[in-house]
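Numbering (this note's numbering), first residue to last: 2 to 258. We put the CB at the ideal spot given by N, CA and C, even for glycine. Computed from a predicted structure; not experimentally measured.
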Amino acid sequence: MRFMDKVVFVTGGAQGIGRAIAEMFYAEGAAVAVNDINNEELSHFVINLSNAENNKGQIIAVPGDISEENAVADMIQTVTDQLGSVDILVNNAGISPRNNGKKSTVEEMTLEEWERVFAVNLRSQFLTSRAVISKMKERGWGRIINVSSEAARKRPSPIVGANYVASKTGVLGLTRCLAIELAPFGVTVNAICPGLVASDMLADVESNETKQHVGDIPVGRLGDPKDLANGIRFLADPSSEYITGAVLDVNGGHFMP
Numbered sequence: 002m003r004f005m006d007k008v009v010f011v012t013g014g015a016q017g018i019g020r021a022i023a024e025m026f027y028a029e030g031a032a033v034a035v036n037d038i039n040n041e042e043l044s045h046f047v048i049n050l051s052n053a054e055n056n057k058g059q060i061i062a063v064p065g066d067i068s069e070e071n072a073v074a075d076m077i078q079t080v081t082d083q084l085g086s087v088d089i090l091v092n093n094a095g096i097s098p099r100n101n102g103k104k105s106t107v108e109e110m111t112l113e114e115w116e117r118v119f120a121v122n123l124r125s126q127f128l129t130s131r132a133v134i135s136k137m138k139e140r141g142w143g144r145i146i147n148v149s150s151e152a153a154r155k156r157p158s159p160i161v162g163a164n165y166v167a168s169k170t171g172v173l174g175l176t177r178c179l180a181i182e183l184a185p186f187g188v189t190v191n192a193i194c195p196g197l198v199a200s201d202m203l204a205d206v207e208s209n210e211t212k213q214h215v216g217d218i219p220v221g222r223l224g225d226p227k228d229l230a231n232g233i234r235f236l237a238d239p240s241s242e243y244i245t246g247a248v249l250d251v252n253g254g255h256f257m258p
């Protein structure tokens, strides 16, 4: 119950990695606000979790488009009104669209495709971070954890497009800048880079591509969303106060810097 007195905001939390993150914080006693653009799926998840016999914390649904400035301001106000100021922000929302099962090359990619991925994967992290910083500084404590990707750390695979890789690389730059700006105020900012994780995003990839990449993972399996939640638990823990501006790779040994 290490997060009993903390308010956590998780973006993109209705499924996959985000869902596992929200479940972890909830089980650890936190007051959790979960965002997702899919209101129906989000509501179903939050209702089921809050009705679970072993529920230990509070949880609310905060639906909306995390890439829109006004929407983000409204979401943070909702969280503050219902749970209190955000102590821990997990920027998890992300997309990696494919057309007819394949990524778009730069030559084929439309400006709309490029900008939508950047809006969800990078702009949203800027907007949410900016929205919670002042209260974290006032308290002298806070955690911001940005979900990037293994694709930002190594030679890109055929699975993802340039828009995804570039946006996730930008997340690392944002993380480092925020870490420097907020270090004097007791706020740490770190990034976590998932490798191949069994999720809906990966489900869009052809099975033969997935099998080929699994063969390159030393631990011999895809990541589980809970593997990422465990890494985020570590970075969010009060005892991790001396870790900031860091990148935690969670990929089963698929990438070793």
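Residue i - containing alpha helix (DSSP H), residue span
{"i": "Ala28", "result": "17-28"}
{"i": "Leu112", "result": "112-119"}
{"i": "Ala31", "result": "Note, Ala31: premise wrong, no alpha helix (DSSP H); not H, not E."}
{"i": "Ala237", "result": "226-237"}
{"i": "Ile218", "result": "It is not in any alpha helix (DSSP H) - Ile218 carries neither H nor E in the DSSP assignment."}
{"i": "Ile134", "result": "125-140"}
Residue i - containing beta strand (DSSP E), residue span
{"i": "Arg144", "result": "143-148"}
{"i": "Leu197", "result": "Here Leu197 belongs to no beta strand (DSSP E), and DSSP marks it neither H nor E."}
{"i": "Val161", "result": "No beta strand (DSSP E) holds Val161; DSSP gives it neither H nor E."}
{"i": "Ile89", "result": "89-92"}
{"i": "Asp250", "result": "248-251"}
Rounded separation between residue i and residue j - CA only
{"i": "Pro258", "j": "Glu151", "result": "11 Å"}
{"i": "Met137", "j": "Tyr165", "result": "30 Å"}
{"i": "Arg117", "j": "Ser240", "result": "37 Å"}
{"i": "Arg144", "j": "Gly221", "result": "32 Å"}
{"i": "Phe127", "j": "Ile60", "result": "24 Å"}
{"i": "Val73", "j": "Pro159", "result": "33 Å"}
{"i": "Gly95", "j": "Ala230", "result": "16 Å"}
{"i": "Pro68", "j": "Val172", "result": "According to the sequence shown, residue 68 is Ser rather than Pro. So the two alpha carbons sit approximately 14 Å from each other."}
{"i": "Gly30", "j": "Phe119", "result": "33 Å"}
{"i": "Ala32", "j": "Val91", "result": "13 Å"}
Whether residue i touches residue j by CB criterion (9 Å)
{"i": "Ala34", "j": "Thr106", "result": "no"}
{"i": "Val148", "j": "Pro219", "result": "no"}
{"i": "Val8", "j": "Gly65", "result": "no"}
{"i": "Met110", "j": "Ala163", "result": "yes"}
{"i": "Thr170", "j": "Asn191", "result": "no"}
{"i": "Val188", "j": "Ile134", "result": "yes"}
As an exercise, report each continuous beta strand (DSSP E) stretch of at least 3 residues that is fully enclosed by the stretch 49-73, in chain order. 59-62
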